[in-house]
Amino acid sequence: QVQLVESGGGLVQPGGSLRLSCAASGMLFSLYTMGWYRQAPGKQRELVAAITSGTSTNYADSVKGRFTISRDNAKNTVYLQLNSLNPEDTAVYYCNAASEIGAANYWGQGTQVTVSS
Numbered sequence: 188q189v190q191l192v193e194s195g196g197g198l199v200q201p202g203g204s205l206r207l208s209c210a211a212s213g214m215l216f217s218l219y220t221m222g223w224y225r226q227a228p229g230k231q232r233e234l235v236a237a238i239t240s241g242t243s244t245n246y247a248d249s250v251k252g253r254f255t256i257s258r259d260n261a262k263n264t265v266y267l268q269l270n271s272l273n274p275e276d277t278a279v280y281y282c283n284a285a286s287e288i289g290a291a292n293y294w295g296q297g298t299q300v301t302v303s304s
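Going by my numbering, the sequence shown opens with residue 188, and the numbers climb by one from there.
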């Protein structure tokens, strides 16, 4: 049974930082592209950042230069470092795993990030 468990969300002031983690189990982690998505109230879920098995990365324009995605295959974990946060970054952040050799696709339960003074 595949599980993706996010952690690290919370309340932070504008300009602050957070690090999100997503621990995966029940899957061959190294064969998946891992991504972080977010969904703000009343908006569609959007891709924030993704990292392939070969560690190529992709970022939404709105977070380039502020967020960094990384992965540790030994720990089956993907991270998202969020810097210079602003209120527009407030959303539920979801971890996603997309198989690079098949159609498997999994989601975590989400973690809330709130940026407010």
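Each residue gets a CB set at the ideal place from its N, CA and C atoms; glycine is no exception.
DSSP, reduced to helix, strand and coil, places Asp-259 within a strand of the structure shown.
Nearest to Thr-264 by alpha-carbon distance, out of Leu-198, Ser-217, Arg-253 and Gln-188, is Ser-217. With respect to Ala-210, Met-221 sits apart: the two C-beta atoms are not nearer than 9 angstroms. Gly-196 counts as buried, since no fewer than 16 other beta carbons sit within 10 angstroms of its beta carbon. Per DSSP, Gln-268 is one residue of the beta strand (DSSP E) stretching across 264 to 269. Nearest neighbour of Leu-215 by Cα position, chosen from Lys-262, Thr-298, Leu-272 and Val-300, turns out to be Lys-262.
If you draw a straight line from the Cα of Ala-247 to the Cα of Gln-188, it comes to about 30 angstroms. Ser-304 sits in coil when the DSSP states are folded into three classes, being neither helix nor strand. Per the C-alpha coordinates, the member of Thr-255, Leu-272, Asn-245 and Ile-288 positioned closest to Ser-304 is Leu-272.
When DSSP states are grouped into helix, strand and coil, Glu-275 belongs to the helix group.
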